[in-house]
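Engineer: The sequence shown begins at 17 in my numbering and counts up by one.
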Amino acid sequence: MAELGSGELQAIVEKVVQRLGGAAGGSSNTGSAGSGPEICSSGRGLFADIDSAVAAARQAFEVYSTVPLETRKRMIANVRRRTTEYVDLMSRLAVEETGLGRVSDKVVKNLLVINKTPGPEILEPKLFTGDDGITMTEHAPYGTFGVITPCTNPTETVINNGIGMLSAGNTAVFNFHPSAKGVSGLCISIVNDAIVEAGGPENTLTAVAEPTIASAQALMKHPQIRLLCVTGGPAVVKVAMGSGKKAIAA
Numbered sequence: 017m018a019e020l021g022s023g024e025l026q027a028i029v030e031k032v033v034q035r036l037g038g039a040a041g042g043s044s045n046t047g048s049a050g051s052g053p054e055i056c057s058s059g060r061g062l063f064a065d066i067d068s069a070v071a072a073a074r075q076a077f078e079v080y081s082t083v084p085l086e087t088r089k090r091m092i093a094n095v096r097r098r099t100t101e102y103v104d105l106m107s108r109l110a111v112e113e114t115g116l117g118r119v120s121d122k123v124v125k126n127l128l129v130i131n132k133t134p135g136p137e138i139l140e141p142k143l144f145t146g147d148d149g150i151t152m153t154e155h156a157p158y159g160t161f162g163v164i165t166p167c168t169n170p171t172e173t174v175i176n177n178g179i180g181m182l183s184a185g186n187t188a189v190f191n192f193h194p195s196a197k198g199v200s201g202l203c204i205s206i207v208n209d210a211i212v213e214a215g216g217p218e219n220t221l222t223a224v225a226e227p228t229i230a231s232a233q234a235l236m237k238h239p240q241i242r243l244l245c246v247t248g249g250p251a252v253v254k255v256a257m258g259s260g261k262k263a264i265a266a
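Pasting the structure below:
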């Protein structure tokens, strides 16, 4: 398989993003200071900085909190369908961009998380009765997650985390590994497009288009991020665990 140059990779990503609906953040307008989140032109859900990405995801959470559960179920079903349609492309681009793994293995891993990540079906309310009355247990969303993803399994992590967090009613802001920002951004665009197509709000998943160590640190310290989910090496996990926030690390 011939390797793609960086220009060719970007051209493919941009072409697919155009098919998915165009401008980032679900809008054709570019934001500016004081007028809302600053939108980056590279894909749906991608923003120029962490503050803008967090602001958009928080706005999405307010809308998402009012969405009926049946809509949430349709959203997740459509995310599974649409990511399956692009699984071959995402798998190839991940190998080309990162230089890691084999395309056939990436396809298997992507299909695994697409089909097997638990969705809203495991979050049904439960009722318990007894001598003292009735108790109902119902799961509630946590808010907006901050998510750090690796270069080893970039789209697999986005899909797995995205399905799980959205199923529980949360939104999320991603900081990708810089070595996988192209294919990871494409994956975010695909998922956002599927969500909107199924009747969900824009920007339930957002990301900074040009991720860096500094943007990851800003995300982990951001006051509007309630919970961290970090997939990576010991160094990034250590930073997350010392952030002062609740953190899920792998």
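C-beta: ideal position from N, C-alpha, C; glycine also.
By a C-beta neighbour count over all protein chains shown, 10 Å radius and 16 as the cutoff for buried, is Gly249 buried or exposed?
Structural biologist: Exposed, by the Cβ-count rule.
Engineer: Please list the terminal residues of the continuous beta strand (DSSP E) segment that includes Val83.
Structural biologist: Neither: Val83 is in no beta strand (DSSP E) and is coded neither H nor E.
Engineer: Would you identify the three-state DSSP class for Thr99, choosing helix, strand or coil?
Structural biologist: helix
Engineer: Which residue from Lys197, Ala210, Pro227, Pro166 puts its Cα closest to that of Ala93?
Structural biologist: Comparing Cα-Cα distances from Ala93 to each of Lys197, Ala210, Pro227, Pro166, the minimum goes to Ala210.
Engineer: Taking the alpha carbon of Gln75 as the reference point, which residue from Arg90, Pro217, Asn169 has its own alpha carbon closest?
Structural biologist: Pro217
Engineer: Mind checking who Met106 pairs with in its DSSP beta bridge?
Structural biologist: DSSP output for Met106 lists no bridge partner at all.
Engineer: From Thr151 to Pro141, what distance separates their C-alpha atoms?
Structural biologist: Roughly 10 Å separates the two Cα atoms.
Engineer: Pull up the CB-CB distance for Thr133 and Asn186, whole angstroms please, since I reckon it's below 8 Å.
Structural biologist: Contact flag wrong, Cβ pair sits at about 14 Å.
Engineer: From Ser183, Thr165, Gly198, Asn131, pick the residue whose C-alpha is nearest to that of Ala156; which is it?
Structural biologist: Ser183
Engineer: Expressed to the nearest angstrom, what Euclidean distance is found between the alpha-carbon atoms of Val246 and Phe190?
Structural biologist: 10 Å
Engineer: One question on the structure: do Thr171 and Ser200 come within less than 8 Å of each other, judged by their Cβ atoms?
Structural biologist: yes
Engineer: Is the beta carbon of Ile130 sitting closer than 8 Å to the one on Ser231?
Structural biologist: no
Engineer: Using the rule of at least 16 other Cβ atoms within 10 Å of the residue's Cβ for burial, across every protein chain shown, is Asn143 buried or exposed?
Structural biologist: According to the sequence provided, residue 143 is Leu. The question's Asn does not apply to it. Looking at its Cβ environment, which holds fewer than 16 other Cβ atoms inside 10 Å, Leu143 is exposed.
Engineer: Please list the segments of the alpha helix (DSSP H) lying wholly inside the segment 107-156, counting only runs of 4 or more residues, in order along the chain.
Structural biologist: Whole alpha helix (DSSP H) segments, 4+ residues: 119-132.
Engineer: Ala188: buried (16+ other C-beta within 10 angstroms of its C-beta) or exposed?
Structural biologist: buried
Engineer: Would you tell me roughly how many angstroms separate the C-alpha atoms of Ser259 and Met181, rounded to the nearest one?
Structural biologist: Take the alpha-carbon of Ser259 and the one of Met181: they are about 20 Å apart.
Engineer: With distances taken between CB atoms, is the gap from Met106 to Ala214 smaller than 8 Å?
Structural biologist: In this structure, Ala214 does not lie closer than 8 Å to Met106 by Cβ.
Engineer: In whole angstroms, give me the CA-to-CA distance for Leu244 and Phe161.
Structural biologist: 6 Å
Engineer: What is the DSSP secondary structure of Asn177, reduced to helix, strand or coil?
Structural biologist: helix
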